[in-house]
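Here is the structure we will look at, set down as structure tokens.
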Amino acid sequence: MTNDRIAEILNRPLSQELLARDLCRLAYVAKDGTPRNIPIAFAWNGKEAVMCTSKNAPKLASLRQNPAVAITIDTEVHPPKILLVRGTVELDEVDGIPEEYLEMNGSYEMTAEQRVEWEAEIRSLYDGMVRIVMTPTWAKLIDFETTLPSAVEELVQQRAERQRRSGDGARSDEPGTSTS
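Here it is as structure tokens:
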């Protein structure tokens, strides 16, 4: 998938709405070769998804070994809106709390007082974090109105072809058909 095509998909209004959410599911391959899929807060900076974690998180060894990942961001309503993004990650260890971490937790419902308490707790807990920076290499937006999962798109095309074929043979008013 070209960078221009990825950018076109990620810049659609619905994609931007999904990218403004705080939570995604990160899929990666663990060191033992088994799949993992975890909820994690993220922030979109316009070209990368940034997730933050503790410096001792088990997922870091896996991501160092295999930086290929995928994220899913979706809604909980019908029909669901789904943004699927694949890419590679780079790990960036930083002192203190990354600004993205504070931003990505901004839509959780907290009073101003709770927010101050939460931030003080975070700052007292972490002396540093690791930024997991994902660069997209593939993207797909599914809204079930204008876009569908590829397997469903294939079924829709197959059904249309079946209907076209059965319609062609069953209609007696078409030229070259006989009613007897």
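According to the numbering used here, the sequence shown is numbered sequentially starting from 282.
Ideal Cβ placement from N, Cα and C applies to all residues, glycine included.
Open item on the list: So, with DSSP's three-state summary, where would you put E374?
Closed with: strand
- [ ] Apply the 10 Å Cβ neighbour rule to I287 and answer buried if 16 or more other Cβ atoms are within range, or exposed otherwise.
- [x] buried
Task: N-terminal and C-terminal residue of the beta strand (DSSP E) that V331 is part of - done: 330-335
TODO: Please confirm whether V414 and V310 have their CB atoms less than 8 Å apart.
DONE: no
Open item on the list: At the level of alpha carbons, what is the spacing between R412 and H359?
Closed with: 33 Å
Task: Sub-8 Å separation of F425 and M385 beta-carbons - done: no
- [ ] For E442, name the three-state secondary structure that DSSP assigns.
- [x] helix
Open item on the list: Per the DSSP calculation, R286 is bridged to which residue(s)?
Closed with: Paired residue(s): none; R286 is not in a bridge.
TODO: Just list the alpha helix (DSSP H) runs in the segment 377-423, keeping only unbroken ones of 4 residues or longer that don't cross its boundaries, in chain order.
DONE: 380-385, 393-406
Task: Best match in Y382, M391, P430 for proximity to M410 [C-alpha to C-alpha] - done: Y382
Task: With 16 other Cβ atoms within 10 Å as the buried cut-off, status of K328 - done: exposed
Open item on the list: Judging by CA-CA distance, which residue of R345, K421, T392 is the nearest neighbour of T353?
Closed with: K421
Task: Residue-chain proximity (R445, chain E), Cβ-Cβ < 8 Å - done: Judged by its chain identifiers, the structure shown contains no chain E, having just a single protein chain.
Open item on the list: Helix, strand or coil, according to DSSP, for V437 in the structure here?
Closed with: helix
Open item on the list: Let's test the definition: count the other Cβ atoms within 10 Å of the Cβ of T283 and tell me whether it reaches 16, buried, or not, exposed.
Closed with: exposed
Task: Residue span of the beta strand (DSSP E) that contains A351, given as start and end - done: 349-355
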